[in-house]
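J.: Everything in the sequence shown is counted per the working numbering, starting at 2 for the first residue and increasing by one.
Provided herewith is a single structure, encoded as structure tokens, for subsequent inquiry.
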Amino acid sequence: MSKSPFHMEPHQALRRSGALGALMDEYERSATELKERIALLPLSSYTELLAEGVQLRGLGSIRIAVLQVIDRGFQIANLIRRRFGMQEFTHGMRAETPELAAMSLNAMLACTEGALAEHWDLDEAELGTIQISAPWGTDYSLEQLLEHAIVLILRQCRIVDHYLEQMQDRRGRE
């Protein structure tokens with residue numbers, strides 16, 4: 002029996018060691034929260050254009066918001082890979098359905114984890130000295146870049162939460 006694409010092993014507190022491990026654990030946790038939220042949506046709601054008040058920076062649907070997370074997540078993973086002299090990963094990930102999005106988010110996390118695999122022992126001071134220039138014009142420490150990735154996912158979780166609240170309100174009025 003195959004596992005659902007939304008399935009992740011039960012999160013264990015402090016699963017990975019060190020400051021970098023804690024950041025990766027939080028990144029994984031936030032992605033799991035997003036996957037759990039989109040799993041609640043029927044396909045029609047996942048792809049439906051959002052009301053203007055719900056949209057964040059012109060993102061038209063939950064699917065588009067999730068695809069942005071996936072694309073940016075792979076971009077961040079590749080920035081880290083490049084910084085550590087690793088080959089970049091070209092993704093062809095998709096998000097047409099919540100299931101495909103969940104699989105793509107899992108692949109994004111695996112790509113990031115692979116980029117960090119040899120560096121779990123970095124301490125907080127070392128994390129601050131590893132600088133990465135992003136193509137959107139911001140210079141980050143490795144710690145800041147991972148925090149940026151986490152916040153991006155949490156922002157999209159809020160959009161989905163707001164949408165789910167609107168769905169419940171509509172059902173209550175019907």
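Ideal Cβ positions, reconstructed from N, Cα and C, are used throughout, including at glycine.
Spell out a yes or no on whether the stretch 61-70 and the stretch 120-129 are touching, meaning 3 or more CB-CB pairs, one atom from each, closer than 8 Å.
T.: No, the stretch 61-70 is not in contact with the stretch 120-129.
J.: Quick test of the definition: if touching needs 3 or more C-beta pairs under 8 Å, does the stretch 69-84 touch the stretch 104-112?
T.: Flag = yes, the stretch 69-84 and the stretch 104-112 touch.
J.: Evaluate the contact criterion for the stretch 31-47 versus the stretch 139-147: three or more CB pairs, one atom per stretch, below 8 Å.
T.: Contact between the stretch 31-47 and the stretch 139-147 is absent, because fewer than three Cβ pairs lie under 8 Å.
J.: Give the single residue among R17, A78, A40 and M168 whose Cα lies nearest to the Cα of A150.
T.: Along the sequence shown, one-based indexing puts residue 150 at 149. Measuring from the Cα of A150, the nearest candidate turns out to be A78.
J.: Nearest by alpha-carbon distance to A40: which of E100, A20, S62 and L21 is it?
T.: Taking the sequence shown and counting its residues from 1, the one referred to as residue 40 is at position 39. The option with the nearest alpha carbon to A40 is E100.
J.: Do the CB positions of R64 and A102 come within less than 9 Å of each other?
T.: One-based indexing of the sequence shown puts residue 64 at position 63. One-based indexing of the sequence shown puts residue 102 at position 101. Yes; because the gap between Cβ atoms is below 9 Å, this pair is in contact.
J.: DSSP state of D124, grouped into three classes?
T.: Taking the first residue of the sequence shown as position 1, residue 124 is located at position 123. Coil, per DSSP.
J.: I'd like the ranges of any beta strand (DSSP E) spanning at least 3 consecutive residues and lying wholly in the stretch 98-147.
T.: 132-134 and 140-142, all fully within the stretch 98-147.
J.: Just the C-alpha distance for L80 and Q132, rounded to the nearest angstrom, thanks.
T.: Within the sequence shown, the letter at position 79 stands for residue 80. Within the sequence shown, the letter at position 131 stands for residue 132. Spanning the two alpha carbons is a distance of roughly 10 Å.
J.: Going by DSSP in three states, L42 sits in which element: helix, strand or coil?
T.: Counting from one through the sequence shown, the residue named residue 42 turns up at place 41. The answer is coil: DSSP assigns L42 none of H, G, I, E or B.
J.: May I ask you to report which of helix, strand or coil DSSP gives L31?
T.: Counting from 1 along the sequence shown, the entry for residue 31 is found at position 30. Reading the sequence as shown, one finds Ser at residue 31 and not Leu. Residue state, collapsed to three classes: helix.
J.: Have a look at R84, R17 and E34 and flag the residue whose alpha-carbon is nearest the alpha-carbon of S134.
T.: Within the sequence shown, numbered from 1, the residue matching residue 134 stands at position 133. Comparing Cα positions, the closest option is R84.
J.: With which residues is S62 paired in a DSSP beta bridge?
T.: Position 61 of the sequence shown holds residue 62. For S62, which the question treats as bridged, DSSP gives the partners L50.
J.: Below 9 Å between beta carbons: does that hold for M94 and A116?
T.: If you number the sequence shown from 1, residue 94 lands on position 93. If you number the sequence shown from 1, residue 116 lands on position 115. Not a contact, by the Cβ cut-off of 9 Å.
J.: Ordered along the chain, which non-local residues of its own chain (more than five positions away) have a Cβ less than 7 Å from that of L155?
T.: Taking the first residue of the sequence shown as position 1, residue 155 is located at position 154. Correct list, in chain order: S31.
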